[in-house]
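This report concerns only the one structure given below.
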Amino acid sequence: LSTNSLSSSIPSSLGLLTRLTSLNLSGCSLMGTVPGMLSYLTGLYALDLSSNALNGTLPKLRKYSRLAHLDLSANSFQGTVSGGVGKLSLLQHLDLSVNQLNGTLPKGLGRISLLSHLDLSMNSFNGNLPEDLDQLTALTNLNLASNTINGTIPDSLGNLTNLRSLNFSTNLLNGSIPASFGDFSHLLYFDVSYNGLNGSLPVSFSRLSALKHLQVANNQLNQTLPASISSLISLTNLNISINFINGTFPAAISSLTNLVALDVHFNSMNCSFPSYISTLTKLTWLDMSDNKFWGPLGETIGTLTDLEFLCIHYETSRDRMCIDAPDAGIDFYTTFYLRMVDLHTVLVMEGYDVSFVAVQEAMTDNNYNDKFKRVWTQWKNERGFLIKRRVLTELGVKVKWARGSKIHQQGQTHTLVVS
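Per this note's numbering, the sequence shown starts with residue 137, numbered consecutively.
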């Protein structure tokens, strides 16, 4: 009966269908509480009431001793989860996500030895991770995101070697990322972002050759990136932003040629702009802003012709990067023209005003580089959006700019400066 607009409460009479083995009422706009008579359906092996507007407390789960699949997600259930869930010894799939459940994570979870999918995300669970969680060795998907779980991550969770996906994001976890997580040889997705984790990425992560998504943003990681990250050859998404990662940008990242999105913004890396970024030709998203990169971009960006988002600004006028050649790579300017690329630079900065009239007049010069014309076309088209950004401060090819009441003429320097 799933995905029908029943728009009613669950009829108690369903409890009379005592031979029922599977009940799916997901997405039916059901309201109210789960009737007590539903507990008479002790032969159920699958119960799905997800994506409704059900409220009240959870039904008494211990009576469904034959359940293999239980999905009560995306409702408004409240209260705690009783330890009775640990008696569902045949359960393989448990999803209670997107509710209003609270209290500590249910005791006895470790007794559900067949459990392969556990999703308790987007609730208000608190307290520490259960000590017996490491006994769920059949788990392939573990999602506890968006709760208020605190404490450290037990090293013993490295026992969950069948995991394909682990998501602990948006909690209050602290301590370091366990080195034992390097044993997750099947792991595809790892997200511990928005916590209070410190230290560094474990060197043992070099063994996660299948990993595609690595998200550790918004923590307190405070060491250099290990060179062993080069072994993560399957990575498509890497986000280490909003941490305290220092040192130079590791050349090892040039080996991650399958990367589509790379976000390292708001860290403390200090070095010249890494030219080996040019090897990451599949990138569509690149954010390296709010670090201390410096020097010329050279041909680096020109090779990234699939870029849809680029942000490399740094919030001081002294620390700048520039394109120091009239033709930066394959065609950086064509990239800029085809897509809205945010260089996060400035139209107005530190008293320097770019004159649109002067720039437009300069475009009529026959000696002016055609690629710069395309850049200007993009600025004109997107000006309403860019005016709120830190946009280009200087165009160094016969572009007039004003400081106070004085007009200055820049020469044929072919320099594009971004901050």
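Each residue gets a CB set at the ideal place from its N, CA and C atoms; glycine is no exception.
query	result
Pair within 9 Å by beta-carbon distance, Phe402 and Ser377	yes
CB contact flag (Asn211, Ala182, <9 Å)	no
Spatial neighbours of Asn373 in its chain, beta-carbon cut-off 6 Å, leaving aside the 5 residues before and after	His349 and Ala397
8 Å contact criterion, which Asn394 and Lys418 should meet: CB distance rounded	6 Å
Helix, strand or coil at Ser158 [DSSP, three-state]	strand
As assigned by DSSP and simplified to three states, the class of Phe213	strand
Contact belief for Ile381 with Thr360 at Cβ below 8 Å, rounded distance in angstroms	7 Å
DSSP-derived helix/strand/coil call for Gln228	coil
CA-to-CA distance, Gly332 to Leu443, given in whole angstroms	31 Å
Cβ-based burial, Gly222 [other Cβ within 10 Å; buried from 16]	buried
Leu308, buried or exposed, once every other Cβ within 10 Å from all chains shown has been counted against 16	exposed
Bounding residues of the beta strand (DSSP E) (the contiguous stretch that carries Pro290)	No beta strand (DSSP E) holds Pro290; DSSP gives it neither H nor E.
Residue from Gly244, Leu278 and Gly219 with nearest C-alpha to Ser233	Leu278
Segment limits, beta strand (DSSP E) that includes Gly151	Note, Gly151: premise wrong, no beta strand (DSSP E); not H, not E.
Simplified DSSP assignment, three categories, for Arg510	Here the model assigns Arg510 a pLDDT of 45, short of 50, so the residue's position is not dependable and the matter cannot be decided.
Closest Cα partner of Lys243 within the set Asn235, His229, Gln236 and Asp270	Asp270
Straight-line gap, Asn264 to Thr439 (C-alpha atoms, nearest Å)	47 Å
Selection from Asp399, Trp421 and Pro147 that minimises the alpha carbon distance to Leu190	Pro147
6 Å Cβ shell around Val484 - same chain, five flanking residues per side excluded	Its pLDDT being 31, under 50, Val484 is placed unreliably by the model, and the measurement read from it follows with that caveat. Taken in chain order, the list of residues that qualify is empty.
Assigned exposure category for Thr384 - 16 Cβ within 10 Å defines buried	exposed
Inter-residue Cα distance where the pair is Ala126 and Pro171	In the structure as shown, the chain starts at 137 and stops at 555, and residue 126 therefore has no counterpart that could be examined.
Whole-Å CB distance - Pro290 paired with Ile313, under 8 Å assumed	Rounded, the Cβ-Cβ distance is 12 Å, inconsistent with contact.
Residue interval of the beta strand (DSSP E) (run including Lys428)	Lys428 to Pro432
Rounded separation between Ser560 and Ser162 - CA only	Nothing about residue 560 can be read from this structure; the chain reaches only from 137 to 555.
Counted within 10 angstroms of its Cβ, other Cβ atoms place Gln351 as buried (16 or more) or exposed	buried
Chain-order list of residues whose beta-carbon lies under 6 Å from that of Thr559 (same chain, five-residue window excluded)	Here the chain has residues from 137 to 555 only, and residue 559 is not among them.
Pair within 9 Å by beta-carbon distance, Leu150 and Leu185	no
Thr306 (DSSP reduced to helix, strand or coil)	coil
Buried or exposed (CB count within 10 angstroms, at least 16 for buried), Thr306	buried
Reduced DSSP category for Ser233 - H, G, I as helix; E, B as strand; rest coil	coil
Backbone CA spacing between Ser390 and Leu226 [nearest angstrom]	46 Å
Neighbourhood of Gly168 by C-beta, 6 Å cutoff - its chain only, sequence neighbours within 5 removed	Ser145
Helix, strand or coil at Phe341 [DSSP, three-state]	helix
Local Cβ density within 10 Å of Ser329, reported as buried at 16 or more and exposed below that	buried
Where Ala387 falls, given that 16 or more other Cβ within 10 Å makes a residue buried	exposed
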